[in-house]
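Asker: Residues in the sequence shown are numbered consecutively from 1, following UniProt numbering. Just so you know, even glycine gets a beta-carbon here, dropped at the ideal spot from N, CA and C. Note that the structure is a prediction, hence the values are computed from the model and not measured.
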Amino acid sequence: VALVPKSIYEQYKNLAHIQSYKFEYLAFMQNHFFWHKNVSNHKARDMFIELIKTEFSL
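1) When you compare each of His42, Asp46, Lys37 to Ala16 by their alpha carbons, which one comes out closest?
2) So, under 8 Å CB-CB, Gln19 and Trp35 are touching, yes? Tell me the CB distance rounded to an integer number of Å.
3) Drop a sphere of 10 angstroms on the beta-carbon of Tyr9, count the other beta-carbons inside from all chains shown, and report buried for 16 or more, exposed for fewer.
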C-alpha cells in the first residue's frame, strides 16, 4: 500500500499486479494510492484511507 506522486505511478502502472485509485478530491496533490490487485481485504489500506479523510476533513 502506498500513496505516491503521479510521476512514480506512471512508471509502474502497466505492471499486472498493481491496482490504483485516484482520490479526485485530492487532485491538487496529483497522487495515486495503489496496492497489490489480489489483496481485497487490507486493514492498512483501509486505515490509511481513513487517516487521509480525517486529515483533510473529507
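Answerer: Looking at the coordinates:
1) Looking at the Cα atoms, Lys37 is the closest of the given residues.
2) Going by Cβ atoms, the distance from Gln19 to Trp35 rounds to 6 Å, so yes, they are a contact pair.
3) So Tyr9 ends up on the buried side.
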